[in-house]
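Undergrad: Using full-length UniProt numbering, the first residue of the sequence shown is number 1, and each one after it goes up by one. All C-beta atoms in this analysis are idealised placements derived from N, C-alpha and C, irrespective of residue type, glycine included.
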Amino acid sequence: MAAPPPTEELPVREAEKKSSTEQEINPWDVQAGQDEQGNTLQFDYVAISQKWATKLIDEVLLQRFERLTGKKPHRWLRRGLFFSHRDFDKILDRYEAGEPFFLYTGRGPSSDALHLGHTIPFTFTKWLQDVFDVPLVIMLTDDEKALFRDGLTFEDTHKFGLHNAKDIIACGFDMKKTFIFSDLEFVSGHFLYNVWEFSKLLPFNQVRGAFGFDGSTNIGRIMFPAVQCAASFATSYPQLWPNYDPKADRSKAIAKIPVLIPMAIDQDPYFRLVRDNSHRMRFPSPKPALIHSKFLTALQGAGGKMSASDPNSAIFMTDTPNQIKNKINKHAFSGGRETLEEHQRLGGIPEVDVAFQYLSYFEDDDAKLLEIETSYRKGTLMTGELKKMAIAMLQEYVKEFQERRKGVTDEVLKGYMTPRELVWKGNPNPVKKEKKSKETKEVKGGEKGVKGDANPTEEKKVES
Ligand code: TRP
C-alpha cells in the first residue's frame, strides 16, 4: 500500500540550513539575503533553483517551444523573468501529441487593489492560454489569506477576492476557456473530496518542514495546503470537461489530464507536495508541471519585492499616468551616477537600475533594448532619459489594463465564476500518435471531446 514518497523532489527542512544572512523564500515570507555590513542583496535565483532542484529554462527548451507552437517565446521567457520549471518539457510533449492539459494559477486576495507585480503572472498565463488554447482555472485563496493575516476576516478576504477577480479578468482572459473560483464559495463536492483525500496522504512531519509550521500554528493554516494542492487535480472540476454527466463518475479518465502551473517561485513548496504524492491518489494523476517566475523588483531596488502595504514600493493598477511618472522619478532606484560628468565617465549600471529593469519587462524589441542597455552602460544615455522611456511603457501597460477593467461588470464576473463546460481546441496540428488508450474513448465524444487524456508512458513514470 502506501509506499514511502519518492525522494526525487527536494524537501523540506530548509530552516535548519539557514544562516542570518541567507535569503528566505517560502510561501509566506520572502526576504533577500544581507551581506556582512547589513546591505540587502539581490535575490539569488540560481541558488534557489539549485536548492530546490528545479530546472533552469534554457535556450534548447525555448527553441523547442517555438518549433512546436510557431510562437516566439514571450519576452519574459527570453529575458528570464520566468526562469525555472519542472516538467515543462513534458507539457510540450503533450501539446505536440495534441493531448489535453490545463493551466492552473491563483491569487491570495490580501488587499483590494492589484499592483503591477501581481498582474505579471496573470498576463503571462493569459499568453500561455492563447498560445496553447487550453482550459485555465484561477483560484482565489480567500480562505488562506484570512488564516494567515491576523487582521483580516473571511468576509474581508472574500470581498477582496471578488474585487481582485475583476482585475484578473482585465488581464484579458478568454471567458470560454477560463474558470475563476473563490475557495470559500467553491470548495465542495468533488473538490472537497480531493482535499480530504490528499490531506490523508500527508503526514504533518512532511508539511511542517516545507512551510515552517510548529506546535502553535492554528490548524486552519496546517490544513490549507491540501486545498491549494487539490486544485492541481483535473478531477476537482469534472464540470469543466466536455460531456459532463453528473451521474457518471469519470474521475479515472480525467485524473490523467496533467496541469501546468505558472507561479512565482515562492509557491513551489506546495506543488512539491503534489508532485511527491499525486500518484498515491485513488485515481493517480501525473506530477504537475510548474513554471516559476522571479519576483518583480520593488521601486527601491535590489532584494525588494513590490508590496501592497507600501504604496511607494509599487506601481498600482489604479495609478494615474502622473502618479506613475512621480513614482518612477522619485522612488525608482537608479543605477546612474551622482553627477553628469561621472555618469559620462563611468557609465550607468543597468543591473541595479529599476527603471531599466521595468523597461526590460515591457519593451518587446530585443535589439532596441540591447541598444538602450549598451548606451546606458557607456554613459551616453542619461538616467532621466531612461526613466522617461520606462514611464511611457508603464503608463501604456496600465492604461490598457484600465480600459479593459472598465468593461468588467458584475455580470461579466459572474460569467467567469460560474462552473461550466469550457471550450478550447488545443494544438491545431498535433503529431498523430498510433494508439489511443481505452479511457481516451470513454470521455471522447463530440468534436470537443477530451482527447487522449490517458498517457500510458506518463502514468508509468509517475508510478515508478
Ligand atoms: N497562495 C497563492 C498566493 O498567496 C495563491 C495561489 C493559489 C496560487 N494557487 C496558486 C499561486 C497556484 C500560483 C499558482 O498568492
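1) With a threshold of 7 Å (Cβ to nearest heavy atom), would GLU27 be considered close to ligand 1?
2) Consult DSSP for ASP276 and reduce its assignment to one of helix, strand or coil.
3) State the beta-bridge partners of GLN50 as determined by DSSP.
4) Check the DSSP bridge columns for ASN26 and list the partner residues they point to.
5) With a threshold of 6 Å on Cβ separation, who are the neighbours of ASN312 within its own chain once the five nearest residues in sequence on each side are excluded?
6) Less than 7 Å separating the Cβ of GLY106 from some heavy atom of ligand 1?
7) Using a Cβ-Cβ distance cut-off of 8 Å, determine whether TYR397 contacts chain D.
8) Opposite LEU103 in the DSSP bridges: which residues?
9) When you compare only the Cα positions, how much space is there between PHE198 and VAL46?
10) Which of the three DSSP states, helix, strand or coil, is assigned to HIS343?
11) Distance, Cα to Cα, LEU381 vs SER375?
12) Just the Cα atoms here: how many angstroms apart are SER360 and ARG75?
13) Around the C-beta of GLY106, are 16 or more other C-beta atoms found within 10 angstroms, so that it is buried, or is it exposed?
14) Quick one: give me the first and last residue of the beta strand (DSSP E) that LEU370 is part of.
15) Per DSSP, what kind of secondary structure is ILE91 in: helix, strand or coil?
16) Counting C-beta neighbours from all protein chains within 10 Å, is the total for ILE219 16 or more, i.e. buried, or is it exposed?
17) From the DSSP output, in three-state form, read off LYS55 for me.
18) Apply the 10 Å Cβ neighbour rule to TRP241 and answer buried if 16 or more other Cβ atoms are within range, or exposed otherwise.
19) With H, G and I counted as helix, E and B as strand and the rest as coil, what does DSSP make of GLY83?
20) Run the CB neighbour count on LEU340, radius 10 Å, all protein chains shown included, and call it buried at 16 or more, exposed below.
21) Under three-state DSSP, which class holds HIS74?
22) Can you find the residues in the same chain that come closer than 6 Å, C-beta to C-beta, to LYS200, ignoring five residues on each side of it along the sequence?
23) Return yes when at least one heavy atom of ligand 1 lies under 7 Å from the C-beta of ALA231, else no.
24) Have a look at LEU260 and ASN194 and give me their C-alpha separation to the nearest angstrom.
25) SER182 by DSSP, collapsed to three states: which one?
26) Give me the DSSP bridge partner(s) of GLN34.
27) Between the Cα of PRO73 and those of ILE48, THR125, ASP44, GLN42, spot the shortest distance and give me the residue it belongs to.
28) Assign SER293 to one of three DSSP states: helix, strand, or coil.
29) Is it buried or exposed, ASP52, if we count other Cβ atoms within 10 angstroms and call 16 or more buried?
30) Could you pull out every unbroken alpha helix (DSSP H) segment of at least 4 residues lying fully inside the region 221-250, listed in chain order?
31) Could you please give me the residues that DSSP links to PHE316 through a beta bridge?
32) What does the Cβ neighbour count give for ASN427, buried or exposed, with the cut at 16 atoms within 10 Å?
33) Does the count of Cβ pairs from the region 263-279 and the region 228-235 closer than 8 Å reach three?
34) Can we count ILE261 as close to ligand 1, meaning its CB is less than 7 Å from some heavy atom?
35) Look at the alpha carbon of LEU103 and the alpha carbon of PRO135, and state the distance between them as a whole number of angstroms.
36) Can you check which of these residues, VAL60, SER251, GLN31, ASP93, is closest to PRO430 by C-alpha distance?
TA: Checking against the coordinates, here is how it stands:
1) Position 27 of the sequence shown, counted from the first residue, corresponds to residue 27. Looking at the sequence shown, residue 27 is not Glu but Pro. It does: the Cβ of PRO27 is within 7 Å (strictly closer) of some heavy atom of ligand 1.
2) Here residue 276 refers to the residue found at position 276 of the sequence shown. Note: ASP276 maps to helix in three-state DSSP.
3) For this step, residue 50 is matched to residue 50 along the sequence shown. Note: GLN50 sits in no beta bridge, so no partner.
4) In the sequence shown, the residue the question calls residue 26 occupies position 26. ASP29, per the DSSP bridge assignment.
5) In the sequence shown, counting from the first residue as 1, residue 312 sits at position 312. For ASN312, where only same-chain residues beyond five positions count, the Cβ hits under 6 Å are HIS331.
6) Within the sequence shown, numbered from 1, the residue matching residue 106 stands at position 106. The answer is yes for GLY106.
7) Considering every chain present, this structure includes no chain D. It has just one protein chain.
8) The residue given as residue 103 occupies position 103 in the sequence shown. Paired residue(s): LEU136, LEU260.
9) Numbered from 1 along the sequence shown, position 198 holds the residue referred to as residue 198. Numbered from 1 along the sequence shown, position 46 holds the residue referred to as residue 46. Using only the alpha carbons, I get a separation of about 31 Å.
10) Locating residue 343 in the sequence shown gives position 343, counting from the first residue. Correct three-state label for HIS343: helix.
11) Taking the sequence shown and counting its residues from 1, one reaches residue 381 at position 381. Taking the sequence shown and counting its residues from 1, one reaches residue 375 at position 375. Roughly 5 Å between the two C-alpha positions.
12) Walking along the sequence shown from the start, residue 360 turns up at place 360. Walking along the sequence shown from the start, residue 75 turns up at place 75. The straight-line gap from Cα to Cα measures roughly 9 Å.
13) Numbered from its first residue, the sequence shown carries residue 106 at position 106. Result: buried.
14) Locating residue 370 in the sequence shown gives position 370, counting from the first residue. Note, LEU370: premise wrong, no beta strand (DSSP E); alpha helix (DSSP H) at 366-378.
15) Along the sequence shown, one-based indexing puts residue 91 at 91. If DSSP states are grouped into helix, strand and coil, ILE91 belongs with the helices.
16) Within the sequence shown, numbered from 1, the residue matching residue 219 stands at position 219. So ILE219 counts as exposed.
17) Stepping through the sequence shown from its first residue, residue 55 is reached at position 55. LYS55: strand per DSSP, three-state reduction.
18) Translated into positions along the sequence shown, residue 241 becomes position 241. Its Cβ being crowded by 16 or more others within 10 Å, TRP241 is buried.
19) As a first step, residue 83 is located in the sequence shown; it is residue number 83 there, counting from the start. According to the sequence displayed, residue 83 carries Phe and not Gly. Note: PHE83 maps to strand in three-state DSSP.
20) Locating residue 340 in the sequence shown gives position 340, counting from the first residue. Exposed, by the Cβ-count rule.
21) On the sequence shown, position 74 is the one that residue 74 refers to. DSSP places HIS74 in coil when its eight states are reduced to three.
22) As a working mapping, residue 200 is identified with position 200 in the sequence shown. Hits under 6 Å: none found.
23) Counted from its first residue, the sequence shown places residue 231 at position 231. Because some heavy atom of ligand 1 lies under 7 Å away, the Cβ of ALA231 counts as near it: yes.
24) Stepping through the sequence shown from its first residue, residue 260 is reached at position 260. Stepping through the sequence shown from its first residue, residue 194 is reached at position 194. Cα-Cα distance, rounded: 18 Å.
25) Working through the sequence shown from its first residue, we reach residue 182 at position 182. Strand.
26) Here residue 34 is taken as the residue at index 34 of the sequence shown, counted from 1. Answer is THR40, bridged to GLN34.
27) Mapped onto the sequence shown, residue 73 falls at position 73. Minimum Cα distance to PRO73 is reached at THR125.
28) Residue mapping note: residue 293 aligns to position 293 of the sequence shown, counting from 1. SER293: strand per DSSP, three-state reduction.
29) Within the sequence shown, the letter at position 52 stands for residue 52. Strictly speaking, residue 52 in this sequence is Trp, with Asp absent from that position. Label assigned to TRP52: buried.
30) none
31) By 1-based counting over the sequence shown, the position of residue 316 is 316. According to DSSP, PHE316 bridges with HIS115.
32) One-based indexing of the sequence shown puts residue 427 at position 427. The residue is buried, with at least 16 neighbouring Cβ atoms inside 10 Å.
33) yes
34) If you number the sequence shown from 1, residue 261 lands on position 261. It does: the Cβ of ILE261 is within 7 Å (strictly closer) of some heavy atom of ligand 1.
35) For the purposes of this step, residue 103 is taken as the residue at position 103 of the sequence shown. For the purposes of this step, residue 135 is taken as the residue at position 135 of the sequence shown. The alpha-carbon atoms of LEU103 and PRO135 are separated by roughly 6 Å.
36) In the sequence shown, residue 430 corresponds to position 430, counting from 1. Answer by Cα proximity: ASP93.
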